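When the sequence shown is numbered by this note's numbering, its final residue is 174 and no position is left out of the sequence of numbers. Glycine residues also receive a C-beta, built at the ideal position from the N, C-alpha and C atoms. Here the structure is a predicted model, which means the values were calculated and not measured. Please read the structure below before turning to the comments.
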Amino acid sequence: MDPITLLTVVVLAVFVGFEVVSKVSSTLHTPLMSGANAIHGIILIGAIIVAGQTLEPWLLAVALLAVVLATANLVGGFVVTDRMLKMFAPRKPAGADPKDAKK
């Protein structure tokens, strides 16, 4: 791919990502985190594709930076989602023995 096409892909990915995230209200942000994680996964795949198609060193550096940032964003999203789901898990009584619950 030529540099203009690769730059177009990056600009469109940024625009689509911004539009999707900015349209989510703050009250719905937490429940929709898993959907955002899926979008981050798509962005990561796009960054990997761009990194694999380029031959110019500066484009490769930008694409690899995009892969690193998208990976950090994706992993962070899953960590935050897991932490939020633990907040809603039923609490065990302080003196409860986990072996007694199986009987």
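Rounded C-alpha distance that separates residue i from residue j
i, j, result
"residue 117", "residue 153", "25 Å"
"residue 141", "residue 115", "5 Å"
"residue 132", "residue 119", "12 Å"
"residue 151", "residue 72", "36 Å"
"residue 113", "residue 137", "12 Å"
"residue 76", "residue 82", "10 Å"
"residue 143", "residue 87", "19 Å"
"residue 79", "residue 93", "21 Å"
Residue range of the alpha helix (DSSP H) that includes residue i
i, result
"residue 153", "128 to 158"
"residue 74", "74 to 93"
Distance between beta carbons of residue j and residue i, contact taken as under 8 Å
i, j, result
"residue 91", "residue 110", "6 Å"
"residue 74", "residue 130", "6 Å"
"residue 84", "residue 148", "Rounded, the Cβ-Cβ distance is 16 Å, inconsistent with contact."
Would you say the segment 118 to 126 touches the segment 156 to 165, given that touching needs at least three Cβ pairs under 8 Å?
Contact fails: fewer than three Cβ-Cβ distances are below 8 Å.
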